[in-house]
Amino acid sequence: MARVLASAPGCQLPIGGVCAASAGTGRLRSRTSIDVACGVIMGQNQCSYEEAFNILATASSHRNIKVRVLAESLLEDLSGGTPSTHFKG
Numbered sequence: 012m013a014r015v016l017a018s019a020p021g022c023q024l025p026i027g028g029v030c031a032a033s034a035g036t037g038r039l040r041s042r043t044s045i046d047v048a049c050g051v052i053m054g055q056n057q058c059s060y061e062e063a064f065n066i067l068a069t070a071s072s073h074r075n076i077k078v079r080v081l082a083e084s085l086l087e088d089l090s091g092g093t094p095s096t097h098f099k100g
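Here it is as structure tokens:
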């Protein structure tokens, strides 16, 4: 499987069977917003990361929107806004 992905156009390195060039950057950007939103929830509720993520995921499910979209909307209401990433892609 990794060989097939490595030979795909635009793919530079297979990582765990996934092309790093096509999959990595987008996930890292989404993950940054989710992680920061979880940090905000942790601070507000004095809970663990797992509990904060469950709160975010449950709210996302109830609103029928993606976790990333909910996380970014939560962060837009903060003074610093949605965090930027330093990933090149």
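In my numbering, the protein residues as written are 12 to 100.
Note that the Cβ used here is the ideal one computed from N, Cα and C, for glycine as well.
Just so we're clear, the structure is a prediction, and the values are computed from it rather than from any experiment.
{"Query": "Three-state secondary structure (DSSP) of residue 75", "Result": "coil"}
{"Query": "Residue 84, DSSP secondary structure in three states", "Result": "helix"}
{"Query": "6 Å Cβ shell around residue 63 - same chain, five flanking residues per side excluded", "Result": "49, 52 and 53"}
{"Query": "Inter-residue CB distance, residue 81 and residue 67 (contact presumed, cutoff 8 Å)", "Result": "6 Å"}
{"Query": "For residue 78 and residue 71, believed in contact at Cβ under 8 Å, the rounded distance", "Result": "4 Å"}
{"Query": "Where residue 91 falls: helix, strand or coil (DSSP)", "Result": "coil"}
{"Query": "Separation of residue 47 from residue 74, as counted between CA atoms", "Result": "20 Å"}
{"Query": "Cβ-based neighbour list, residue 89, same chain, cut-off 8 Å, excluding 5 preceding and 5 following", "Result": "51"}
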